[in-house]
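Participant:
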Amino acid sequence: MIFYSIGDWGANVTRVNSAKYVANAMANYYPYLNPLPSFVISLGDNFYENGVSGISDELWESAWFSVFIRPFPSMHRVRWYSVLGNHDYYGGKISVDSQIEMTKYSQNWMMPDKEFFSYDKESSSYHIFIDTVKIYPELYEKTKTMYTYRDIQNSLLALEKMLIDAKRLECKWIFVYGHYHLFSNGYYGNYNVMIQRILPLMKKYKVAVYFSGHDHNFQLLKYDGMYFCVNGAGAYKAQLNQYNSNVEVSMIYGNTNNGFLIHKLNDKYLSLQYVNVNNVAEFDYRFTSPNTCRTPPPGAGNHLD
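Encoded structure:
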């Protein structure tokens with residue numbers, strides 16, 4: 001299985017050209033990959049600055065479809081599995097609800113709920129998509145009153161339910177995708193609240209990688225045997241430091257170029273390729289799963305396609 005991921009791509013008019021360069025690189029790589037990329041993971045902040053005003057908002061066309069899909073016939077049938085970011089929430093409930101609703105009307109846009117999962121039998125992989133704004137609403141003034149303590153706990157219960165399901169299926173790979181990072185050497189630094197709320201669950205169920213956006217750069221970090229991939233370079237750039245404030249967090253790679261990731265996955269290994277706007281795979285990192293490979297029950301789960 002091969003798929004892409006990209007974060008923080010929903011550029012406003014001042015940065016849309018950067019997003020177009022990334023879109024070109026994604027399309028340029030597509031025909032040379034075998035197998036062809038099956039889907040794109042969108043890591044939030046899909047629409048700047050304040051989300052969308054509904055399913056008919058022109059940003060669906062100007063910031064997404066006409067940038068990443070329409071110009072490239074090879075991308076016309078590629079699905080985007082998407083999570084919400086803080087800027088998507090800045091448009092209020094209508095912005096959040098319409099991004100979920102668009103799943104009914106677009107063959108490319110996939111956000112069936114704020115939290116969802118998909119399972120791929122061939123690669124023995126379980127993909128969990130979470131709403132980090134709902135998990136950490138108090139991070140920003142604009143979102144802190146949107147959810148209660150009970151809402152936060154319900155999101156954590158939903159995450160654990162999906163993790164339990166992944167273990168029931170005896171998946172070799174478990175990936176979690178959300179907008180806010182846990183660890184970062186970038187502008188925002190580490191988010192201790194995110195670390196406290198979801199890291200124990202991810203460690204308990206042996207999540208292989210947590211993928212996020214939010215900080216506008218490329219990072220691959222490792223902490224306590226788990227990988228953390230920051231991929232918020234879809235349209236914007238931000239500072240990056242060599243060292244993390246937590247000395248136990250090691251930085252494997254970091255760069256401030258715009259770009260996207262290519263994920264090459266099978267039941268034995270995962271390769272992450274960081275590709276910049278010049279069509280250069282500037283870093284390639286390959287590793288094996290922390291989980292033992294087993295054969296899941298026949299017919300179980302939903303397939304990514």
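Numbering-wise, this note's numbering puts 44 at position 44 of the sequence shown, and it's gapless, one number per residue.
In this text, a Cβ means the ideal position worked out from N, Cα and C, and glycines have one as well.
All figures in this text were calculated on a predicted structure; none of them were measured in a lab.
1) Looking at the secondary structure, which residues open and close the beta strand (DSSP E) in which S125 lies?
2) I'd like the list of long-range same chain contacts for T103, defined as Cβ closer than 8 Å, with 5 residues on each side in sequence excluded.
3) When the Cβ atoms of the stretch 124 to 136 are set against those of the stretch 187 to 198, are three or more pairs found closer than 8 Å?
4) Is V96 near Y105, with beta carbons less than 9 Å apart?
5) Output needed for P31: all residues of its chain with C-beta closer than 8 Å, excluding positions within five of it in sequence on either side, in chain order.
6) Ends of the beta strand (DSSP E) at A281?
7) Would you say L163 and I128 are within 9 Å of each other, going by their C-beta atoms?
8) So does the stretch 174 to 183 actually touch the stretch 208 to 218, counting three or more Cβ pairs closer than 8 Å?
9) According to DSSP, is I41 helix, strand or coil?
10) Whole angstroms is fine: what's the gap from H181's alpha carbon to I94's?
11) Per DSSP, what are the beta-bridge partners of G264 in this structure?
12) With distance defined between alpha-carbon atoms, name the residue in Y188, M202, D284, P200 nearest to H214.
13) What's the call for V230, buried or exposed, on a 16-neighbour Cβ count within 10 Å?
14) Using the DSSP secondary-structure output, state which residues sit across from L139 in a beta bridge.
15) Determine the closest residue to E142 out of E49, R70, W60, with distance taken between C-alpha atoms.
16) Extract the residue ranges of the alpha helix (DSSP H) inside the stretch 157 to 236, only unbroken runs of 4 or more that lie entirely within it.
17) Count Cβ pairs between the stretch 233 to 248 and the stretch 7 to 17 that sit closer than 8 Å; are there 3 or more?
18) Taking 7 Å as the limit between beta carbons, can you name the residues of its chain near H76, skipping five residues before and five after?
19) Is it true that the CB of F65 sits closer than 9 Å to the CB of D57?
20) Could you round the C-beta distance between T288 and Y269 to whole angstroms and report it? I think they count as a contact, below 8 Å.
21) Quick one: give me the first and last residue of the beta strand (DSSP E) that Y90 is part of.
22) With distances taken Cα to Cα, identify the nearest neighbour of Y40 among S184, S82, R15.
23) With C-beta atoms as the reference, is S212 less than 9 Å away from H179?
24) What is the residue span of the alpha helix (DSSP H) that Y21 lies within?
25) Alpha carbons only, please: which of G85, T148, Y29 is nearest the one belonging to N278?
26) Report all residues from its chain with a CB closer than 6 Å to the CB of N217; omit the five preceding and five following residues, and keep chain order.
27) Smallest Cα separation from E321: which of V22, D267, N17, V16?
28) Which residue marks the beginning of the beta strand (DSSP E) containing I252, and which one marks its end?
Facilitator: Looking at the coordinates:
1) Residue numbering aside, residue 125 sits at position 125 when the sequence shown is read from its first letter. Its beta strand (DSSP E) spans residues 125 to 129.
2) Residue 103 sits at position 103 when you count from the first residue of the sequence shown. Answer for T103: W109, M110, M111, P112, listed in chain order.
3) yes
4) The residue labelled residue 96 in the question sits at position 96 within the sequence shown. The residue labelled residue 105 in the question sits at position 105 within the sequence shown. No, the pair does not count as a contact, with Cβ atoms beyond the cut-off.
5) To locate residue 31, count along the sequence shown from 1; it is residue 31. For P31, where only same-chain residues beyond five positions count, the Cβ hits under 8 Å are S74.
6) What you label residue 281 is simply residue 281 of the sequence shown in a count that begins at 1. From DSSP, the beta strand (DSSP E) with A281 extends over 281 to 288.
7) Sequence index remark: in the sequence shown, residue 163 carries index 163 (1-based). Sequence index remark: in the sequence shown, residue 128 carries index 128 (1-based). Yes; because the gap between Cβ atoms is below 9 Å, this pair is in contact.
8) yes
9) What you label residue 41 is simply residue 41 of the sequence shown in a count that begins at 1. When secondary structure is reduced to three states using DSSP, I41 falls in the strand class.
10) Here residue 181 is taken as the residue at index 181 of the sequence shown, counted from 1. Here residue 94 is taken as the residue at index 94 of the sequence shown, counted from 1. One alpha carbon belongs to H181, the other to I94, and they sit about 25 Å apart.
11) Reading the sequence shown from its first residue, position 264 is the one you call residue 264. Gly is not the amino acid found at residue 264; the sequence shown has Lys there. According to DSSP, which records beta bridges pairwise, K264 is partnered with I2, S271.
12) For the purposes of this step, residue 214 is taken as the residue at position 214 of the sequence shown. That would be Y188, whose Cα lies nearest to the Cα of H214.
13) One-based indexing of the sequence shown puts residue 230 at position 230. V230 is buried by the Cβ-count criterion.
14) One-based indexing of the sequence shown puts residue 139 at position 139. None, per the DSSP bridge assignment.
15) Locating residue 142 in the sequence shown gives position 142, where the first residue counts as 1. The sequence shown places Lys at residue 142, not Glu. Cα-wise, what sits closest to K142 is E49.
16) List check, alpha helix (DSSP H) in window: 192 to 204.
17) yes
18) Taking the sequence shown and counting its residues from 1, the one referred to as residue 76 is at position 76. If the five residues before and after H76 are omitted, its C-beta is found closer than 7 Å to the C-beta atoms of I69, all from its own chain and listed in chain order.
19) Position 57 of the sequence shown, counted from the start, is the residue given in the question as residue 57. Position 65 of the sequence shown, counted from the start, is the residue given in the question as residue 65. For D57 and F65, no; Cβs fall outside 9 Å.
20) Stepping through the sequence shown from its first residue, residue 288 is reached at position 288. Stepping through the sequence shown from its first residue, residue 269 is reached at position 269. Going by Cβ atoms, the distance from T288 to Y269 rounds to 5 Å, so yes, they are a contact pair.
21) What you label residue 90 is simply residue 90 of the sequence shown in a count that begins at 1. That residue, Y90, is in no beta strand (DSSP E); it is neither H nor E in DSSP.
22) For the purposes of this step, residue 40 is identified with residue 40 of the sequence shown, where counting begins at 1. The sequence shown places Val at residue 40, rather than the Tyr named in the question. Out of S184, S82, R15, S82 has the C-alpha closest to the C-alpha of V40.
23) Here residue 212 refers to the residue found at position 212 of the sequence shown. Here residue 179 refers to the residue found at position 179 of the sequence shown. The answer is yes: Cβ separation under 9 Å.
24) Counting from 1 along the sequence shown, the entry for residue 21 is found at position 21. Start and end: 16 to 29.
25) Locating residue 278 in the sequence shown gives position 278, where the first residue counts as 1. Of the listed residues, the one whose Cα sits closest to N278 is Y29.
26) For the purposes of this step, residue 217 is identified with residue 217 of the sequence shown, where counting begins at 1. These residues qualify, in order along the chain: G186, A233, A238, L240, T256.
27) Lying outside 1 to 305, the shown extent of the chain, residue 321 is not represented and no answer is given.
28) As a working note, residue 252 is residue 252 in the sequence shown. Element bounds for I252: 250 to 255.
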